[in-house]
Every structure is written in C-alpha cells, then in structure tokens.
Amino acid sequence: MLVVHSPASSRHDPVGYFRRGQVVEHPEQASRYAILLRAAEAAGHEIVATGDEGLAPILAVHDAGYLELLSTIWSRKGELPGIGEEILTGHFARPQMMRRPAGLLGQLGLYMADTSTPVRAGTWESIQGSAQAAIGAADAALRRGSAYALCRPPGHHAYADSAGGFCFLNNTAIAAERLRAQTGGRVAILDIDVHHGNGTQGIFWRRPDILTVSVHADPSNYFPFYAGYADETGGEEGEGANRNLVLPEGSGDEAWLEAVSAGVEAAGAHRPAALVVALGFDASANDPIGAFKVTTDGFSRAAEIIAAAPFPTLLVQEGGYLCEALPRNLAAFLSAFEAAKG
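In the numbering used here, the protein residues as written are 143 to 484.
The following block contains the structure:
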C-alpha cells in the first residue's frame, strides 16, 4: 500500500482542550501522526512524502475568506496582547449572527465552531500539509488503484467555512473533489469514523455527483450533536445523495460491519469513478473518546468488505486517538485491505 504523508503534520500540537466543563489533555496530539507513520513503516508499506499542488484544490472546497484567516492567524497574533502559545476565542457566531467583523477574535468566532481547534505557530503548515497528502494520495489512487493518505490533523468535521471537532481543512472532501475533477465522474464517500462526518455532509449537501455515506454513533447525545440523523438525505439537487447509517452507542463488530456493508452497497449503486473512505479508528473498543466496541478483527473485516468494491479507492485518515490499539488497528486494516485487493 502506498502511504502518502506530510512531515509538517507534527507542527500542530495542541495541549489543552475544554471538554465537559474542564480543561483536559488534547486527544488530537502530534504523536498520533508519529505513531501511525511508524505503524505503516513497520508493516512494510511504501512511504512517500507528499508534493504541493498549491491552494487551488483546497479552494475548490473551502471558502477563500476562511483560508485567508487560517493562513494569517498566527502572523496577526499581535492583535491580541498577552497571547500565549495558542490562539482561541470564547465568542462564537450563531446562525442569526453572520456579519464578518474586522478583528481577529471576532473572525475566529465566525469561522470556528468550538474550542477544540486552537491555532499555534505551525498550525497552518500542518493543516495545509495534511490536505496536500490527501490530494497526492487521491492522484496516486487513480494511478495505482488504491492509496492511503496519512492525514493529520483530521478533517471531516470542517465545513467549507468553519473549523471544529479538531478539524480545520476537510481532507476527505478535498480529495473527493480532486477525484471528481480528475475523472469527470461521480465520487462516493464512505465515512466509518465513530463520529458523523458533518462537515463533509455540509459541503456536498446539494451535490448529486458526490455521494456521502456516514456510519456513526447516534448524535442525539454524542458529538457532533446537531447533524448526522437518518432523515438527513441531502438538499435540492443533492436529495438522496446523503445517507446516515446511525448506530447506538456500544455497538460492536457485527452491527458496525453490517452498516459498513450497507455503505459499500450504497456507494456501488452510485456508480462512482472512485471511492473515498474516511478512515477513523475511534470506533475501536479501546479508543479514549469513542462510543463503539469494534475490535481489531472488526477493522480487518471492514477492510475486506471495502476492498471488494470494484473502483479506485482512497483511504483518508480521520479520527482514532491515543491508545495501544491505534497502531495495531491501522496495521490490521491496511494489511487486510491490501490482501483483499490483490
């Protein structure tokens, strides 16, 4: 399996995270990237650093004003006297409040959904490198039949103009749009992260050419709370091109694999030129912020189910947090996928 990554992924390394009323250690640490990269290397996969295709493929998905903010936040830190190693805001726009203010704190609150996405000195380089890994791996998947983008930070909670849920740029959506542009055909996205891919759903909500299918825990009492319900099927021309396969918290291998199979079947019915898999390992029974009980064997079986799909397939790393099972789950998934693809 070809593994495409960006060394810049380690430059964004948040420390604290305000969760459930208290500041805790941030689960989306730079060490995730190092752990996943070592696991892929140890398993003997082909490792390549991504190139740089510039901002055009990112602008095909993301709002220009949002990108301008992300790329300049740190250089504007002088607007916030006394700022430390991270920039955040405690002021957030609501749907009824959409005026773009001039000041940095106000702009942060317009373009960010929560306090999980602090900006540090190397954040822009890291998130831009993560997006480039998705773009490079998308191109490689078309040439080779499959590829794995080791994207970190993750991306599927990022909307076209909003960060949140540890995500800044939506790597999965950027890759899907790249594949659509390169092939001229339809693209399907299958998101198997334990959390709903709300940003991806939002980006393609009105698009009939890109199918989004998400297998995730019931959001009625689990992040992202406000999206991911089964009756959300797309809007306007995109009606029917969004499917949410919702499972109760505590679901294990069998229920999860049944949903994954249904997702692959839905992708096939879309007749795509390529498939993008938003690959989260936080469905693991061992994940510190997960809600499912999926085993390492379950991830192997999911890989076999997905690999049976007869179209070029790109795997894009999403969630999966620090625990002993994380590198084991990646190695098992890639091994089973590669063996099934032949």
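Every residue gets a Cβ at the ideal spot worked out from N, C-alpha and C, and that includes glycine.
These numbers come from a predicted model, not from an experiment.
Taking just the CA atoms, how far does residue j sit from residue i?
i           : j           : result
residue 159 : residue 143 : 34 Å
residue 291 : residue 421 : 10 Å
residue 367 : residue 153 : 29 Å
residue 433 : residue 426 : 8 Å
residue 478 : residue 181 : 14 Å
residue 257 : residue 170 : 13 Å
residue 460 : residue 245 : 32 Å
residue 377 : residue 393 : 29 Å
residue 319 : residue 276 : 11 Å
Throw me the rounded Cβ distance for the residue i and residue j pair, which I believe falls under 8 Å.
i           : j           : result
residue 197 : residue 209 : 7 Å
residue 386 : residue 371 : 6 Å
residue 192 : residue 146 : 5 Å
residue 150 : residue 271 : 3 Å
residue 302 : residue 439 : At roughly 37 Å, the Cβ-Cβ gap does not stay under 8 Å, so residue 302 and residue 439 are not in contact.
residue 156 : residue 228 : 7 Å
Only counting the same chain, and skipping five residues up and downstream in sequence, which positions put a Cβ closer than 6 Å to that of residue i?
i           : result
residue 346 : 352 and 354
residue 165 : 158
residue 278 : 146, 192 and 193
residue 410 : none
residue 408 : 355 and 385
residue 388 : 360 and 372
Taking 7 Å as the limit between beta carbons, can you name the residues of its chain near residue i, skipping five residues before and five after?
i           : result
residue 453 : 414, 415, 416 and 417
residue 263 : 216
residue 200 : 209, 273, 311 and 316
residue 219 : 225 and 229
residue 322 : 329, 351 and 352
Residue range of the alpha helix (DSSP H) that residue i falls in?
i           : result
residue 316 : 313 to 325
residue 444 : 438 to 449
residue 200 : 198 to 201
residue 288 : First-last for residue 288: 288 to 292, but that is the beta strand (DSSP E), not the alpha helix (DSSP H).
May I ask which residues mark the beginning and end of the beta strand (DSSP E) holding residue i?
i           : result
residue 303 : Where residue 303 is concerned, there is no enclosing beta strand (DSSP E), given that its DSSP letter is neither H nor E.
residue 352 : 352 to 359
residue 459 : 455 to 459
Should residue i be flagged as near chain B, meaning a C-beta pair shorter than 9 Å?
i           : result
residue 332 : Included in the structure is just one protein chain, with no chain B present.
ask   = Fully enclosed by the stretch 388 to 432, which beta strand (DSSP E) runs are 3 residues long or longer?
value = Fully enclosed beta strand (DSSP E) runs of 3 or longer: 416 to 421.
ask   = What runs of the alpha helix (DSSP H), each 4 residues or longer, lie entirely inside the stretch 248 to 272?
value = none
Ranges of the beta strand (DSSP E) found wholly within the stretch 155 to 193, counting only runs of at least 3 = 158 to 161, 164 to 167 and 188 to 191
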